[in-house]
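Following: one structure in structure tokens, then a few remarks.
Numbering (our numbering), first residue to last: 15 to 173.
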């Protein structure tokens with residue numbers, strides 16, 4: 015099994031060839047967490063979200079660590095959201111935010127999920143907060159104090 019080769023084929027956009035190679039590797043090592051994760055990425059890249067979800071879950075169940083675990087949680091949450099499984103997405107992204115609090119992408123996907131769940135106020139607050147924490151844009155920084163104040167008060171009217 016050559017995961018580097020498999021990853022390279024996928025990254026070159028040869029997803030059909032990558033799926034075939036991953037399938038042959040999985041016949042010999044069906045519980046290899048990194049292989050399961052790479053297979054999930056292949057299906058995700060092929061817009062085959064339900065299959066990707068299955069492989070993300072299996073990869074996580076088989077003991078991914080560090081960046082692989084982080085990437086699997088984020089991708090699984092994103093895939094759940096993409097297929098309309100918003101509560102699953104919320105739960106998965108909450109785990110990711112808990113385990114990787116400094117990885118801002120979790121918060122953005124979580125905000126998108128909250129929007130899908132009808133909680134647009136909290137979604138906007140999270141997006142605005144993360145924008146203010148991460149941007150170097152001077153025009154936004156000039157209004158940082160006001161934007162931070164309004165982030166949780168978007169519906170308030172001040173007379």
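For glycine and all other residues, C-beta sits at the position ideal for the given N, C-alpha and C.
Check, Outcome
"Residue interval of the alpha helix (DSSP H) (run including residue 7)", "Since the first and last residues shown for the chain are 15 and 173, residue 7 lies out of range."
"Simplified DSSP assignment, three categories, for residue 153", "helix"
"Secondary structure of residue 84, DSSP reduced to three states", "helix"
"Other residues of its chain near residue 21: CB distance less than 7 Å, five sequence neighbours each side excluded", "52"
"Nearest to residue 15 (by Cα), restricted to the options 46, 163, 24", "46"
"Proximity of residue 69 and residue 86 at Cβ, strictly below 7 Å", "no"
"Meets three-Cβ-pair contact criterion under 8 Å: the segment 72-81 and the segment 32-39", "no"
"Whole-Å CB distance - residue 144 paired with residue 117, under 8 Å assumed", "Going by Cβ atoms, the distance from residue 144 to residue 117 rounds to 11 Å, so no, they are not a contact pair."
"Alpha carbon of residue 23 to alpha carbon of residue 91, nearest angstrom", "25 Å"
"Residue span of the alpha helix (DSSP H) that contains residue 128, given as start and end", "119-130"
"Under 7 Å between C-beta atoms of residue 97 and residue 139", "no"
"Element boundaries [alpha helix (DSSP H), containing residue 55]", "47-59"
"Buried versus exposed, by CB contacts within 10 Å (16 or more), residue 56", "buried"
"Contact set for residue 43: own chain, Cβ-Cβ below 8 Å, skip 5 residues either direction", "15, 49"
"Residue range of the unbroken alpha helix (DSSP H) whose run includes residue 107", "100-113"
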